[in-house]
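Notes to accompany the following structure.
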Amino acid sequence: MIARFILVLVLLEMALSQRQPPPPPGAVTASKPACRGRKCLALPPPPFKWVYCGGSWRQVTPTTCPVAFSDPDFSDHRCVCSPNGSLYQTYPGGSMWLWLSPGFSYCAHMPKCFCPACN
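Note that the sequence shown covers residues 4 to 122 in this note's numbering.
So, in structure tokens, the structure goes:
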């Protein structure tokens, strides 16, 4: 029972110590007005995304940070992102925030091989 209590306290401390960064430079934080008609379908996705790692924001592409494009909510990477994941901190890496305009996705420990821009 005491071990579980200590584990909960450690996990809580880890969660509280990971402060959300400010939005990336030039990011629009207000929700955008809804588009109407066919022009909504014609809008191409931006060629880059914003990732916060190593203490700074970085513009990344599918080449420099594939995980930001293939799994933007990190749901397929829970085994490495979650402190409860079976591969958590098995590989070199660090915490990573992904700007979703507006809002963030967070990975507590993203291996560097999934986002070389964070090396």
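Backbone N, C-alpha and C define an ideal beta-carbon position, used for all residues, glycine too.
Check                                                                                                    : Outcome
Member of 69, 110, 82 whose CA lies at the smallest distance from the CA of residue 23                   : 110
For residue 51, the first and last residue of its enclosing alpha helix (DSSP H)                         : It is not in any alpha helix (DSSP H) - residue 51 carries neither H nor E in the DSSP assignment.
Sheet register partners of residue 109 (DSSP bridge)                                                     : 100
Proximity winner among 30, 26, 71, 88, relative to residue 116 (alpha-carbon distances)                  : 71
Neighbourhood of residue 51 by C-beta, 8 Å cutoff - its chain only, sequence neighbours within 5 removed : 62, 63, 64
CB of residue 55 within 8 Å of CB of residue 99, strictly                                                : yes
Span of the beta strand (DSSP E) around residue 78                                                       : That residue, residue 78, is in no beta strand (DSSP E); it is neither H nor E in DSSP.
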